[in-house]
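Presented below is the structure to which this report refers.
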Amino acid sequence: MMVAPVSLETMFGPSPQSRYMPCAECGASVDRAGAGPHVCDTERLLDFHLFQLREEIATFDAELAAWLVSAHGRFATWIAERDRHGGDEGRRRG
Amino acid sequence: MDIKEISRRLAEDPWQGKLEEVLELVGDDYVAHVPGSAEPFRGKEGFRAFVTTYQTGFPDGRITIDDQIAEGDVVATRWTGRGTHTGELMGLPPTGREITVAGITYSRIADGKVREAWVIWDTLAMMQQLGAVPETMPVRTT
Numbered sequence: 001m002m003v004a005p006v007s008l009e010t011m012f013g014p015s016p017q018s019r020y021m022p023c024a025e026c027g028a029s030v031d032r033a034g035a036g037p038h039v040c041d042t043e044r045l046l047d048f049h050l051f052q053l054r055e056e057i058a059t060f061d062a063e064l065a066a067w068l069v070s071a072h073g074r075f076a077t078w079i080a081e082r083d084r085h086g087g088d089e090g091r092r093r094g
Numbered sequence: 001m002d003i004k005e006i007s008r009r010l011a012e013d014p015w016q017g018k019l020e021e022v023l024e025l026v027g028d029d030y031v032a033h034v035p036g037s038a039e040p041f042r043g044k045e046g047f048r049a050f051v052t053t054y055q056t057g058f059p060d061g062r063i064t065i066d067d068q069i070a071e072g073d074v075v076a077t078r079w080t081g082r083g084t085h086t087g088e089l090m091g092l093p094p095t096g097r098e099i100t101v102a103g104i105t106y107s108r109i110a111d112g113k114v115r116e117a118w119v120i121w122d123t124l125a126m127m128q129q130l131g132a133v134p135e136t137m138p139v140r141t142t
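Heads up: the protein sequence lines correspond to chains A and Y, in order.
At position 82 of the first sequence the residue is numbered 82 (the numbering used here), and the sequence of numbers has no breaks.
At position 110 of the second sequence the residue is numbered 110 (the numbering used here), and the sequence of numbers has no breaks.
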């Protein structure tokens, strides 16, 4: 048995298509009847990609918070703090 | 306030943080007929439930009025809705997509309150923009 894509128009006759569709890259609503090509706004593009990654970001934040209170995380924090102060001391001496 | 103004406020104000204020313009006997809804929305709570469903799906949503025609106690308001789908909408998980949808609300208004409304908008376009309706779909062939 083969499966082939068939458009809605083929199945049901002419079906209306939305005049507006979201840009696949930035999610902005784009008027397909509008003049000129759509150009993604940089901030909108970043927001859209961050939104798509929101679950991964939330998971990372939770895992980082848990690691920071673990023995390894606390020791790493202590080392980082010591190095930072050491760096400040080194800069003052230099 | 004339019936065009009442209809305009009913459409725009809930999306400007004024849902509670605008409920003063909704009659206790209000009945809203909405395509896709098995039962009409009734009374102030029905109005609130209808608006809240879409405000949950599109927290930054806004409505702009394109045109209005009034005759007697009836007003037709043509509007455009825009918003970003960042909340769950009727089981659809958020997509982050921005949509634009056109619609018409046909309202009967008496004694300063809306009594009945037919809210008709391009739900197919909304579903296409949200990706809930595919532009092509697989079918079985022999």
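Beta carbons are placed, not taken as given, at the ideal position from N, Cα and C, and that holds for glycine.
Note: Y/D67 is bridge-paired with Y/R78 in the DSSP secondary-structure output. Between Y/E21 and Y/I65 a beta carbon distance of about 18 Å is seen, past the 8 Å cut, so the two are scored as non-contacting.
Taken in chain order, the complete beta strand (DSSP E) segments of 3 or more residues contained in the stretch 16-87 of chain A are 20-22, 29-31. Interface annotation, Y/T100: in contact with chain A, CB-CB separation under 9 Å. In terms of beta-carbon proximity, A/P16 lines the interface with chain Y, with at least one pair separated by less than 9 Å.
Membership of Y/E21 in the alpha helix (DSSP H) is indicated by the continuous run 19-22.
For Y/G103, the beta-bridge partners assigned by DSSP are Y/W79, Y/W121. Going by beta carbons, Y/G27 and Y/D111 fall inside the 9 Å limit. The C-alpha of Y/T77 lies about 19 Å from the C-alpha of Y/P40. Against chain Y, a Cβ distance below 7 Å from A/A28 picks out E98. Put simply, the stretch 115-134 of chain Y does not touch the stretch 67-80 of chain A. Fewer than three CB pairs are less than 8 Å apart. With its beta carbon at least 9 Å from every one in chain Y, A/D41 lies outside the interface. Taking a 10 Å sphere around the C-beta of Y/L23, we find 16 or more other C-beta atoms and assign the residue as buried. Not one beta carbon of chain A lies nearer than 9 Å to the beta carbon of Y/A132. In this structure, the straight-line span from the alpha carbon of Y/T56 to that of Y/I104 is close to 21 Å. Counting other Cβ atoms within 10 Å of its Cβ, Y/T100 reaches 16 or more and is therefore classed as buried.
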